[in-house]
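Numbering (my numbering), first residue to last: 6 to 491. What follows is a single structure, written as structure tokens, with notes after it.
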């Protein structure tokens, strides 16, 4: 048996790309890492494996705690982590969801080709940067009063349709149709609502971005056709989350858990895992507040997409509908959802925590929208701004291996602090433009340095592992044309 050791953690190779930390001591389940040898070497360099092992101590964790190929150290629970806990005698963990609730991605297709865009890159990136709010703090496409915020939290993208920012077709191509009916706005604090009030329709900062891309490679022609994708096509990828509202919601419930469930915290090896027992009042209130923040994030990305349609209409001097600017899919990657999965032959309702991991359901799952019921769910995997991104579809092995999940991106190799020491933002921008014809516009050079291509793992390798394991099948690869960020 092949084994690898990282500090006091031994991993045993189960099969190609599957490594296991055996269950021992007070672990409630084994842990598994899905990675190639090369990716495992990176994953073992920080606290990812320690955090993954700690996650197996969560009450009610089922089968395995799982780390995706893009995994890296996070807050308590690793980024790229998946953990399914029983909704009856398990727990729900804000630490296993993350601060940016429903950080996620959406892709919009167009009927434009790369040739149509050439010569307009600089104009387009400037127009997008001017039109779409980004950076720390306030400023959004709309500013909401108390009634508007509560309506968004309760109804998600249904609010956006009524307000004229979305179409029914947009809803039909969003995870859960852009609406979590378990949302309970009354469990979101006033402080969180106030933080989100003037951020509705804004990118924020950090690794959040909007990127215009071209399709460079098609791997599965039939699936690509079902997704409305073809070679040389222009698409738009939007990556952001629930802004200050989600962050404050997570903070509020972490503090409450410390006060109300200190006994459970004392049993965990890391207090940052912060969990509330299933069935407790706090667990139910957190779930309702989290679902409300999920709705907020979907509206946030929808308003950015609405503004993007307007910018394209101005730059290309035609209605966005003439450019067939349609939502391909919107999928969350910081979330916990009640889902029914087969475990040891029995169907069980579980809280499936995905922190920096993407739902990847194959064809046939009832949660899929009719457009993708027979082909499988689109999965959007962004790379760095100097590398390709991918569209996958949920693989047939995902339900057995990962509770229907795969990676969410390339995964960081380098901290933001180290990145700013290694890279100079203006130099990165210049090299991307001159060497790869990628136009980048950001609020500061520091942001560009933090997100330099060398800061991330090899997204091609992450996707190769996903594809070969059958948890997310390659459909197309895209490449950046222009990128804006906070």
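The beta-carbon is built from N, C-alpha and C at its ideal position, and this holds for glycine as well. This structure is a prediction, so every number in the text was calculated from the model and none was measured.
Is there contact between the region 245 to 256 and the region 190 to 200, where contact requires at least three CB pairs shorter than 8 Å?
yes
Does the distance from the C-beta atom of residue 468 to that of residue 386 stay below 8 Å?
Stepping through the chain shown from its first residue, residue 468 is reached at position 463. Stepping through the chain shown from its first residue, residue 386 is reached at position 381. For residue 468 and residue 386, yes; Cβs fall inside 8 Å.
Less than 8 Å between the C-beta atoms of residue 370 and residue 294, yes or no?
Counting from 1 along the chain shown, the entry for residue 370 is found at position 365. Counting from 1 along the chain shown, the entry for residue 294 is found at position 289. No, these two residues do not count as a Cβ contact at 8 Å.
CA-CA distance, residue 72 and residue 290?
Indexing the chain shown from 1 puts residue 72 at position 67. Indexing the chain shown from 1 puts residue 290 at position 285. About 28 Å.
Could you check where the alpha helix (DSSP H) with residue 384 kicks off and where it finishes?
Within the chain shown, residue 384 is the residue found at index 379, counting from 1. Counting along the chain, residue 384 sits inside no alpha helix (DSSP H); it lies in the beta strand (DSSP E) bounded by residues 383 to 386.
Given a threshold of 16 other Cβ atoms within 10 Å of its Cβ, counted over all protein chains shown, does residue 162 qualify as buried or as exposed?
Along the chain shown, read from residue 1 onward, the residue named residue 162 stands at position 157. Counting C-beta atoms within 10 angstroms of its own C-beta, residue 162 has 16 or more neighbours from the protein chains shown and is therefore classed as buried.
Would you report the Cα separation of residue 221 and residue 445, rounded to the nearest angstrom?
Position 216 of the chain shown, counting from 1, holds the residue named residue 221. Position 440 of the chain shown, counting from 1, holds the residue named residue 445. Distance between the alpha carbons of residue 221 and residue 445 is about 19 Å.
Can you tell me where the alpha helix (DSSP H) with residue 429 in it begins and where it stops?
Your numbering for residue 429 matches position 424 in the chain shown. Per DSSP, residue 429 belongs to no alpha helix (DSSP H) and is neither H nor E.
If you drop the 5 nearest sequence neighbours on each side, which residues of the same chain put their C-beta closer than 7 Å to that of residue 454?
Here residue 454 corresponds to residue number 449 of the chain shown, with the count starting at 1. Result list for residue 454: 424, 425, 428, 429, 430 and 433, in chain order.
Can we say the region 142 to 151 touches the region 306 to 315, given the rule of at least three CB pairs closer than 8 Å?
Counting Cβ pairs under 8 Å, three or more are found: they touch.
With a threshold of 16 other CB atoms inside 10 Å of the CB of residue 230, please say whether the residue is buried or exposed.
Working through the chain shown from its first residue, we reach residue 230 at position 225. So residue 230 ends up on the exposed side.
Got a sec, what are the start and stop residues for the alpha helix (DSSP H) residue 302 sits in?
Counted from its first residue, the chain shown places residue 302 at position 297. From DSSP, the alpha helix (DSSP H) with residue 302 extends over 286 to 321.
Just to confirm my understanding: we take residue 296, look at its own chain, exclude 5 residues before and 5 after, and list those with CB closer than 6 Å. What are they?
Here residue 296 refers to the residue found at position 291 of the chain shown. So the list reads 185, 187 and 188, once near-sequence residues are dropped.
Classify residue 191 as buried or exposed, calling it buried when 16 or more other Cβ atoms lie within 10 Å of its own Cβ.
By 1-based counting over the chain shown, the position of residue 191 is 186. Exposed, since its Cβ has fewer than 16 Cβ neighbours within 10 Å.
Under three-state DSSP, which class holds residue 87?
Translated into the one-based positions of the chain shown, residue 87 becomes position 82. Of the three classes helix, strand and coil, the one that applies to residue 87 here is strand, per DSSP.
Which of helix, strand or coil does DSSP assign to residue 379?
In the chain shown, the residue the question calls residue 379 occupies position 374. Residue 379 falls in the coil class under three-state DSSP.
Which value, in whole angstroms, describes the spacing of the CA atoms of residue 485 and residue 95?
One-based indexing of the chain shown puts residue 485 at position 480. One-based indexing of the chain shown puts residue 95 at position 90. If I take the Cα positions, the gap works out to 42 Å.
Are there 16 or more other CB atoms within 10 angstroms of the CB of residue 388, so buried, or fewer, so exposed?
Counted from its first residue, the chain shown places residue 388 at position 383. Counting the other CB atoms within 10 Å of its CB gives residue 388 a total of 16 or more, which places it among the buried residues.
Is it right to say residue 36 is buried, meaning 16 or more other beta carbons lie within 10 angstroms of its own, or is it exposed?
Sequence index remark: in the chain shown, residue 36 carries index 31 (1-based). Residue 36 should be labelled buried.
Do residue 490 and residue 439 come within 8 Å of each other at the CB atom, strictly closer than that value?
Residue 439 sits at position 434 when you count from the first residue of the chain shown. Residue 490 sits at position 485 when you count from the first residue of the chain shown. Taking 8 Å as the Cβ cut-off, residue 439 and residue 490 do not qualify as a contacting pair.
Which two residues bound the contiguous alpha helix (DSSP H) that contains residue 169?
In the chain shown, counting from the first residue as 1, residue 169 sits at position 164. Note, residue 169: premise wrong, no alpha helix (DSSP H); not H, not E.
One question on the structure: do residue 17 and residue 10 come within less than 8 Å of each other, judged by their Cβ atoms?
Along the chain shown, one-based indexing puts residue 17 at 12. Along the chain shown, one-based indexing puts residue 10 at 5. Not a contact, by the Cβ cut-off of 8 Å.
The beta strand (DSSP E) spanning residue 23 covers which residue range?
Residue mapping note: residue 23 aligns to position 18 of the chain shown, counting from 1. 23 to 26 is the span of the beta strand (DSSP E), which, as asked, contains residue 23.
Work out the CA separation of residue 83 and residue 281 for me, nearest whole Å.
Here residue 281 is taken as the residue at index 276 of the chain shown, counted from 1. Here residue 83 is taken as the residue at index 78 of the chain shown, counted from 1. Approximately 18 Å between the Cα atoms of the pair.
Is the region 256 to 271 touching the region 203 to 215 in the sense that three or more CB pairs, one from each, lie closer than 8 Å?
no
Quick one, are the C-beta atoms of residue 59 and residue 374 less than 8 Å apart?
Position 54 of the chain shown, counting from 1, holds the residue named residue 59. Position 369 of the chain shown, counting from 1, holds the residue named residue 374. Residue 59 is not a Cβ neighbour of residue 374, given a cutoff of 8 Å.
Below 8 Å between beta carbons: does that hold for residue 66 and residue 34?
Residue mapping note: residue 66 aligns to position 61 of the chain shown, counting from 1. Residue mapping note: residue 34 aligns to position 29 of the chain shown, counting from 1. In this structure, residue 34 lies closer than 8 Å to residue 66 by Cβ.
Are residue 365 and residue 394 touching if we call contact CB-CB under 8 Å?
Numbered from 1 along the chain shown, position 360 holds the residue referred to as residue 365. Numbered from 1 along the chain shown, position 389 holds the residue referred to as residue 394. Not in contact: residue 365 and residue 394 (Cβ atoms no closer than 8 Å).
Over the uninterrupted beta strand (DSSP E) stretch that includes residue 357, give me the two end residues.
The residue given as residue 357 occupies position 352 in the chain shown. Residue 357 -> beta strand (DSSP E) spans 351 to 360.
Mind checking whether residue 165 and residue 316 have CB atoms under 8 Å apart?
Residue 165 sits at position 160 when you count from the first residue of the chain shown. Residue 316 sits at position 311 when you count from the first residue of the chain shown. No, the pair does not count as a contact, with Cβ atoms beyond the cut-off.
Whole angstroms is fine: what's the gap from residue 441's alpha carbon to residue 383's?
Your numbering for residue 441 matches position 436 in the chain shown. Your numbering for residue 383 matches position 378 in the chain shown. Using only the alpha carbons, I get a separation of about 27 Å.
Return the chain-ordered list of same chain residues with a C-beta closer than 8 Å to the C-beta of residue 341, the five sequence neighbours on each side being excluded.
As a working note, residue 341 is residue 336 in the chain shown. So the list reads 97, 98, 101, 102, 292, 295, 356, 357, 358 and 359, once near-sequence residues are dropped.
Which residue spans inside the region 97 to 126 form an unbroken beta strand (DSSP E) run of at least 3?
109 to 118
Taking only the alpha-carbon atoms, compute the straight-line gap between residue 204 and residue 28 and give it to the nearest angstrom.
Along the chain shown, one-based indexing puts residue 204 at 199. Along the chain shown, one-based indexing puts residue 28 at 23. Approximately 44 Å between the Cα atoms of the pair.
Determine, using beta carbons only, whether residue 242 and residue 114 come nearer to each other than 8 Å.
Against the chain shown, residue 242 aligns to sequence position 237. Against the chain shown, residue 114 aligns to sequence position 109. Result no, Cβ atoms of residue 242 and residue 114 do not sit closer than 8 Å.
Can you round the beta-carbon distance between residue 482 and residue 335 to whole angstroms, since I take them to be within the 8 Å contact cut?
As a position in the chain shown, residue 482 is number 477, starting the count at 1. As a position in the chain shown, residue 335 is number 330, starting the count at 1. Contact flag wrong, Cβ pair sits at about 20 Å.
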